[in-house]
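Scroll down for the structure; my scribbles are underneath it.
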Amino acid sequence: MHLKVIQLNLWQGKLLEKAVEFLRREDPDVITLQEVTGGAQNFWEDKNLDLFAYLKEKLALEGRLAVMARHIGDPKAYMGVAVFTKGKITKENVLWLEEYKEVRPNHDERDWPTFPRNVLDCTVEIAGMTVHALSWHGAWTKEPADTPEKVRQAKLIADYLKKLNTPFILGCDSNMTANTETIKTIEAVAENPATDPRWKIARSLHPTIHKTAKTIPEGLLVDFLFTSKHFVPVSIDAPVVPVSDHLPIRAVFELKI
Numbered sequence: 048m049h050l051k052v053i054q055l056n057l058w059q060g061k062l063l064e065k066a067v068e069f070l071r072r073e074d075p076d077v078i079t080l081q082e083v084t085g086g087a088q089n090f091w092e093d094k095n096l097d098l099f100a101y102l103k104e105k106l107a108l109e110g111r112l113a114v115m116a117r118h119i120g121d122p123k124a125y126m127g128v129a130v131f132t133k134g135k136i137t138k139e140n141v142l143w144l145e146e147y148k149e150v151r152p153n154h155d156e157r158d159w160p161t162f163p164r165n166v167l168d169c170t171v172e173i174a175g176m177t178v179h180a181l182s183w184h185g186a187w188t189k190e191p192a193d194t195p196e197k198v199r200q201a202k203l204i205a206d207y208l209k210k211l212n213t214p215f216i217l218g219c220d221s222n223m224t225a226n227t228e229t230i231k232t233i234e235a236v237a238e239n240p241a242t243d244p245r246w247k248i249a250r251s252l253h254p255t256i257h258k259t260a261k262t263i264p265e266g267l268l269v270d271f272l273f274t275s276k277h278f279v280p281v282s283i284d285a286p287v288v289p290v291s292d293h294l295p296i297r298a299v300f301e302l303k304i
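At position 165 of the sequence shown the residue is numbered 212 (my numbering), and the sequence of numbers has no breaks.
In C-alpha cells:
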C-alpha cells in the first residue's frame, strides 16, 4: 500500500488560496499542517475567516484541529495544528507539551519561546489499515538551538510515540535542525527520511519568501515527516512553490506491516 503525505506550515493563511490549490492538485492521502489560524490571528486578508473550516470545505477531506492558543478576549482568534485525510478518523488525542492559554493579541518573539504547544494525534482507518497521523509545531527561539524546554518537549513526544502500537507519521515544523538533541531525541524512536542524503533536501524554509532568505541564504531544514519503521519512503522532496514561507515536505511511502 502506498500513502501520499504532505507536511506544511500554513503561515497563518498568508498565501491561503495558493496553498489550497497546491493541496488539491497534489491530492494526498494525509496532510499535516501547522499555523492553522482563525480570526484576527490570520495573515490572510479576511480577519474573520476560520481557516480550519475553510480548508475542510475546500479540500473535502476529513479533518481535526487542535487549538494551542486563543487571543485574550477574542476566542475566534486562534492558532493550532491540524490533520486532514482521505481516510476515516476514528479517534483523536492531544498531547500537551506546554499548556493551553490565552495570549495577548499582539504577541511577538518575546512570547514565542513559552507559547502553548501540543501534538494532535489522529487514528485513521485508510485502505483497510490503521495508522496514526500526527501534527506538531515545535517550540521557537530566534536561533534553532537546543534549550532545556525544547528537549523536555521532545522527550514527551518520543515517549508518546514509543507507546503507539500501530504505524505512525508525525508531520512537523519543528523549528529545529537535525543536528540538535531535540531532533535526535525523536529520531531515537522514529525514522526521519527527509534527512537522508539520497533525497537531497537541503532546506524547508522558502528561499525567497521566508524572513531568513537574506540572513541565511543557504536555508534551514526544520520541517520533517517522522515515521515508524512500517513506512518505507518511495519518494520525498520539498518543492519550491509559493504556498507559504515554508516549503511543503511531500512524500510517498510504502506501508509494510
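Glycine residues also receive a C-beta, built at the ideal position from the N, C-alpha and C atoms.
Handout entry: Cutoff 7 Å; reference Ala201; Cβ partners in own chain excluding five residues on either side
Key = These residues qualify, in order along the chain: Thr229, Thr232, Ile233.
Practice task
Take the Cβ of Ser275 as the centre, count every other Cβ of all protein chains shown within 10 Å, and call the residue buried at 16 or more, exposed below.
Solution key: Under this definition Ser275 is a buried residue.
Handout entry: Own chain residues within Cβ distance below 6 Å of Glu301, not counting five before or after
Key = These residues qualify, in order along the chain: His49, Val279, Val281.
Practice task
Would you tell me roughly how many angstroms separate the C-alpha atoms of His118 and Tyr125, rounded to the nearest one?
Solution key: Taken atom to atom, the span from the alpha-carbon of His118 to that of Tyr125 is near 6 Å.
Handout entry: the segment 131–145 in contact with the segment 160–169 per 3-pair CB rule at 8 Å
Key = In short, these stretches touch, since the Cβ pair count reaches three.
Handout entry: Close Cβ partners of Arg151 (< 8 Å) along its chain, the five nearest in sequence each way excluded
Key = Leaving aside the five residues that flank Arg151 on each side, the residues in its chain whose CB is nearer than 8 Å to its CB run, in chain order, His118, Ile119, Asp158.
Handout entry: Nearest to Thr84 (by Cα), restricted to the options Ile78, Asp93, Val299, Leu211
Key = For the residues Ile78, Asp93, Val299, Leu211, the minimum Cα distance to Thr84 belongs to Asp93.
Practice task
Identify whether Arg72 lies in helix, strand or coil by the three-state DSSP scheme.
Solution key: In this structure, Arg72 counts as helix in the three-state DSSP scheme.
Exercise for the section: Please go through the same chain and pick out, in chain order, the residues whose beta-carbon is closer than 8 Å to the beta-carbon of Val287, but skip the five residues on each side of it. Expected result: Hits under 8 Å: His253, Pro254, Leu294.
Exercise for the section: Compare the beta carbon distance of Asn222 and Gly266 with 8 Å and say whether it is the shorter of the two. Expected result: For the pair Asn222 and Gly266, the CB atoms are not nearer than the 8 Å cut-off.
Problem - Distance, Ile53 Cα to Val178 Cα - result: A straight-line Cα-Cα distance of about 15 Å links Val178 and Ile53.
Practice task
Provide the residue span of the alpha helix (DSSP H) that contains Ala100, from first to last.
Solution key: First-last of the alpha helix (DSSP H) with Ala100: 98–106.
Exercise for the section: Can you tell me which of the three DSSP states Leu57 falls into? Expected result: Collapsing the DSSP output to three states places Leu57 in coil.
Practice task
Could you tell me which residues DSSP puts in a beta bridge with Pro81?
Solution key: Inspection of the sequence shows that residue 81 is occupied by Gln rather than by Pro. Gln81 is bridged by DSSP to Asn56.
Exercise for the section: Give the secondary structure of Glu146 by DSSP, where H, G and I count as helix, E and B as strand, and everything else as coil. Expected result: Three-state DSSP puts Glu146 in coil, outside helix and strand.
Exercise for the section: Count the other CB atoms, across all protein chains shown, that sit within 10 Å of the CB of Asn212; report buried if there are 16 or more and exposed otherwise. Expected result: With fewer than 16 other Cβ atoms within 10 Å, it is exposed.
Exercise for the section: Work out the CA separation of Pro214 and Pro289 for me, nearest whole Å. Expected result: Approximately 31 Å, taken between the alpha carbons.
Practice task
Could you check the C-alpha separation between Phe99 and Thr188 for me, to the nearest Å?
Solution key: Between Phe99 and Thr188, the alpha-carbon positions lie close to 26 Å from each other.
Problem - As assigned by DSSP and simplified to three states, the class of Arg250 - result: In the three-state reduction of the DSSP assignment, Arg250 falls in the coil class, being assigned neither a helical nor a strand state.
Exercise for the section: Might you give, ordered along the chain, the residues of its own chain that have their beta carbon closer than 6 Å to the beta carbon of Lys105, omitting 5 neighbours on each side? Expected result: Cβ within range, chain order: Val67.
Practice task
Just the C-alpha distance for Arg250 and Gly127, rounded to the nearest angstrom, thanks.
Solution key: Per the coordinates, the alpha-carbon of Arg250 lies some 23 Å from the alpha-carbon of Gly127.
Problem - Close beta carbons around Ile173, own chain, < 6 Å, minus the five adjacent residues each side - result: In the same chain as Ile173, and ignoring 5 residues on each side of it, the C-beta atoms closer than 6 Å to its own belong to Gly134, in chain order.
Handout entry: Val198: first and last residue of the uninterrupted alpha helix (DSSP H) it sits in
Key = Note, Val198: alpha helix (DSSP H), 195–210.
Exercise for the section: Tell me, to the nearest whole angstrom, how far the beta carbon of Ile283 is from that of Ala298; I am working on the premise that it is less than 8 Å. Expected result: So it is a contact: roughly 4 Å between Cβ atoms.
Problem - Boundaries of the beta strand (DSSP E) in which Lys123 is found, first to last residue - result: 121–132 is the extent of the beta strand (DSSP E) around Lys123.
Practice task
State buried or exposed for Lys197, treating a residue as buried only when at least 16 other CB atoms are found within 10 Å of its CB.
Solution key: By the 10 Å Cβ count, Lys197 comes out buried.
Practice task
Ignoring anything shorter than 3 residues or poking outside the segment 231–291, list the beta strand (DSSP E) runs there in chain order.
Solution key: 270–274, 278–284, all fully within the segment 231–291.
Exercise for the section: Determine the extent of the beta strand (DSSP E) in which Arg164 is found, giving its start and end residues. Expected result: Boundaries of the beta strand (DSSP E) harbouring Arg164: 164–173, taken from the DSSP string.
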